[in-house]
Ligand SMILES: [Zn+2]
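Residue numbers (this note's numbering): 1 to 323.
Here it is as structure tokens:
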């Protein structure tokens, strides 16, 4: 998930001497020595891989470069969500009398996270091959972000509107439209250029903040902030937003390397924090899925309907103040 200044039409880059030879004879380069398509963050001054064959790219996962944490954070994420996919479908859900819809929802959620983790790890592993490979993997990486966000929204729409099939279907449809728009935008030839940096950010921000609409709708239909279900779940939604926003802040600000150029080349750079925040956010989304699934195993739709009928909506009930 790295924003690169991909410049086309340049003459082939002439390799410069590496600053270090790491394991498997893999050379590591300083920022000025890498080809333009790998450049993008001059405050990461060293530890770059470049001009590697696919085989050496795979081997480079086992050496310390400035991509090691980026690669492994999401490779381990891929392992984690593959484990969840199997554990949820073959143990946890059957043990808790899950229905087909629960299996489908958990499968889609875990699969979206798996796809995102795979594309991201693949991009960081193989982008150092060539400009063509870098562009292909970057497109996959960015598409993976959209798919990963879909994995967060899907169980939200399914369980938040568990008792209201119209809105459940409407929000799922809206989510697929948003993902479609993101993927279509990525097909544009200018999408990866620096000119579109702001548009890319705006698109993702719109995608993230669009989630506020169904959340507030859910709060209203459940009976306001005073309802136990809302009080159980709302703090978890806020934690989710804090994690994603924190990750986004690292991504945009390029902190801490902007303040400490060259000091966090291998460990602690902004992109690594972004990866870790996304991994935790997906793990948290999975936890939220488990909590809300458990809720609907012990509550029925009639109870919620009854509550809504008893407390017809007003500003007071919305704010949780009963009169
Ligand atoms: Zn990344």
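Note that CB positions come from ideal geometry on N, CA and C, so glycine has one too.
In this text, all values refer to a predicted model and were calculated from it rather than measured experimentally.
Within 8 Å of the C-beta of residue 204 there is not a single heavy atom belonging to ligand 1. Leaving aside the five residues that flank residue 282 on each side, the residues in its chain whose CB is nearer than 6 Å to its CB run, in chain order, 113.
Relative to ligand 1, the beta carbon of residue 72 is positioned no closer than 8 Å to any heavy atom.
In this structure, the straight-line span from the alpha carbon of residue 239 to that of residue 289 is close to 14 Å. By the neighbour-count criterion, in which 16 or more other beta carbons inside 10 Å mark a residue as buried, residue 287 falls on the exposed side.
Residue 153 sits in a helix when the DSSP states are folded into three classes. Take the alpha-carbon of residue 147 and the one of residue 179: they are about 7 Å apart. The distance from the Cβ of residue 217 to that of residue 73 is about 34 Å, inconsistent with a contact at the 8 Å cut-off. Scanning the segment 151-233 for uninterrupted alpha helix (DSSP H) segments of 4 residues or longer gives 165-186, 197-210 and 212-222, listed from N- to C-terminal end.
Relative to the Cα of residue 132, the nearest Cα in the group 54, 75, 63 and 172 belongs to 54. With a cut-off of 8 Å, the C-beta of residue 141 is classified as near ligand 1, since at least one heavy atom of the ligand falls inside that distance.
Listed in chain order, the non-local C-beta contacts of residue 301 below 6 Å within the same chain comprise 163, local neighbours out to five positions each way being set aside. The Cβ atoms of residue 156 and residue 214 sit closer than 9 Å to each other. Here residue 46 is actually not in contact with residue 194; their C-beta atoms are around 23 Å apart, not less than 8 Å. The beta carbon of residue 53 sits no closer than 8 Å to any heavy atom of ligand 1. In the three-state DSSP reduction, residue 42 falls in the coil class, being neither helix nor strand. With a contact defined as Cβ atoms closer than 8 Å, residue 126 and residue 57 qualify at about 5 Å.
Between residue 31 and residue 44, the C-beta gap is smaller than 9 Å, which places the two residues in contact.
One alpha carbon belongs to residue 116, the other to residue 223, and they sit about 35 Å apart.
Judged by their CB atoms, residue 66 and residue 253 are not nearer to each other than the 9 Å cut-off. The straight-line gap separating the alpha-carbon atoms of residue 158 and residue 273 is approximately 30 Å. With contacts defined as CB atoms closer than 9 Å, residue 294 and residue 89 fail to qualify as a contacting pair.
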